[in-house]
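Take a look at the structure set out below.
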Amino acid sequence: MRFVLALTERNIREKTGGPFGSAVFEIASGRLVSVGVNVVVQQNCSAAHAEMMALMLAQKELSNFDLGAADFPAHRLVTSGKMCAMCLGNVCWSGVKEVLSSAEPEDVESIAGFDEGPTPPDYNAQLESRGIRIVPGLLRSEGQRVLQLYVDLGGLVYNPERN
Numbered sequence: 054m055r056f057v058l059a060l061t062e063r064n065i066r067e068k069t070g071g072p073f074g075s076a077v078f079e080i081a082s083g084r085l086v087s088v089g090v091n092v093v094v095q096q097n098c099s100a101a102h103a104e105m106m107a108l109m110l111a112q113k114e115l116s117n118f119d120l121g122a123a124d125f126p127a128h129r130l131v132t133s134g135k136m137c138a139m140c141l142g143n144v145c146w147s148g149v150k151e152v153l154s155s156a157e158p159e160d161v162e163s164i165a166g167f168d169e170g171p172t173p174p175d176y177n178a179q180l181e182s183r184g185i186r187i188v189p190g191l192l193r194s195e196g197q198r199v200l201q202l203y204v205d206l207g208g209l210v211y212n213p214e215r216n
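Here the numbering used here is used: the first residue of the sequence shown is 54, the next is one more, and so on.
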């Protein structure tokens with residue numbers, strides 16, 4: 054998680070994207086498969102969230118759309134914030150077996166002002182029912198600090214909650 058939070062902080066400080074970072078690892082070996090950072094504004098693409106980028110790059114690296122394929126080791130997504138509605142859906146279809154997240158959705162919304170979308174109230178249970186273990190709130194205060202850094206440095210908040 055510290056690796057992902059450092060990646061996120063670098064993305065913020067270098068002004069190469071938003072305050073979110075992710076990485077895909079093999080669970081058993083800890084081997085890093087891919088990293089992703091939020092590049093929505095830089096790529097003019099609303100789907101370019103850190104989780105989406107990390108998962109797409111892992112699938113590309115492994116030449117398979119299913120990270121849970123029978124001949125693959127189990128994979129874990131580590132992310133600086135618990136996933137928004139879009140990324141939650143992608144995780145369900147990606148084949149990862151585990152998700153570790155730092156900041157909670159209420160942190161993302163209250164500290165940075167981003168809209169996390171319509172995530173289900175039984176978020177964790179939804180993942181668990183699909184065979185995906187979730188460990189939320191890992192190093193949460195450090196995840197909150199990274200979000201606050203983005204705000205303090207004047208980072209752009211795109212698509213805040215729309216009424």
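Beta carbons are placed, not taken as given, at the ideal position from N, Cα and C, and that holds for glycine.
Close-in-space but distant-in-sequence residues of the same chain around Tyr211 (CB under 7 Å, 5 per side omitted)
For Tyr211, where only same-chain residues beyond five positions count, the Cβ hits under 7 Å are Val93 and Val94.
When DSSP labels each residue in this structure, what does Ser75 get in the three-state scheme?
strand
Span separating the alpha-carbon of Pro126 from that of Glu79:
Answer to the nearest angstrom: the Cα atoms are 6 Å apart.
Does the beta carbon of Phe125 come closer than 8 Å to any beta carbon on chain B?
Absence of chain B from the displayed structure is noted, only one protein chain being present.
Strictly by DSSP, which residues pair up with Ser163?
Note: Ser163 sits in no beta bridge, so no partner.
Roughly how far, in whole angstroms, is the beta-carbon of Leu130 from the beta-carbon of Val149, given that I think they are within contact range, below 8 Å?
5 Å
Identify the residues that DSSP records as bridge partners of Arg129: which are they?
Phe78 and Glu151
Give me the Cα-Cα distance between Asn216 and Ile187, rounded to the nearest whole angstrom.
The predicted position of Asn216 is uncertain, since its pLDDT is 41 and thus under 50; a value taken from the coordinates is nonetheless stated next. Near 31 Å, if we compare the C-alpha coordinates of Ile187 and Asn216.
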